[in-house]
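**Student:** First the structure, then my questions, so here it is.
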């Protein structure tokens, strides 16, 4: 893992101190608000790739809920590295959604 200052989390919209630590670990309609934080985040795909690669069970990561991530993992079992798939390409979440 990179040092904290060089890691993507240092540039994340949710890491700016504007959110309570548990703001992205919510259920129901509160997930919509949590996902909204991700919309303009400069490291959205890094975040999503980490969540998919580590099989994060809870929370909103990279704009996707745990349910959406599980569905994506089921639909794309061939992906070995989500970091390579998402961050190392010109992939957007919209194009990713259209591929699943």
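In the working numbering, the protein residues as written are 4 to 103.
For glycine and all other residues, C-beta sits at the position ideal for the given N, C-alpha and C.
Bear in mind that the values here come from a model prediction, so they are computed numbers and not experimental data.
1) Just to confirm my understanding: we take residue 103, look at its own chain, exclude 5 residues before and 5 after, and list those with CB closer than 7 angstroms. What are they?
2) Looking only at C-alpha atoms, which of 86, 33 and 82 sits nearest to residue 62?
3) Nearest to residue 10 by CA position, among 83, 67, 42 and 47, is which residue?
4) Where does the unbroken alpha helix (DSSP H) through residue 36 begin, and where does it stop?
5) Judging by CA-CA distance, which residue of 16, 72, 55 and 84 is the nearest neighbour of residue 43?
6) At the level of alpha carbons, what is the spacing between residue 41 and residue 65?
7) So within the region 59-84, which uninterrupted beta strand (DSSP E) runs reach at least 3 residues, ignoring any that extend past its ends?
8) Hey, out of 57, 51, 39 and 68, whose CA is closest to residue 91's CA?
**Tutor:** Taking the geometry as given:
1) Annotation note: pLDDT 46 at residue 103 (below 50); position unreliable, coordinate value reported separately. 75, 78 and 79, listed in sequence order.
2) 33
3) 47
4) 33-41
5) 16
6) 6 angstroms
7) none
8) 51
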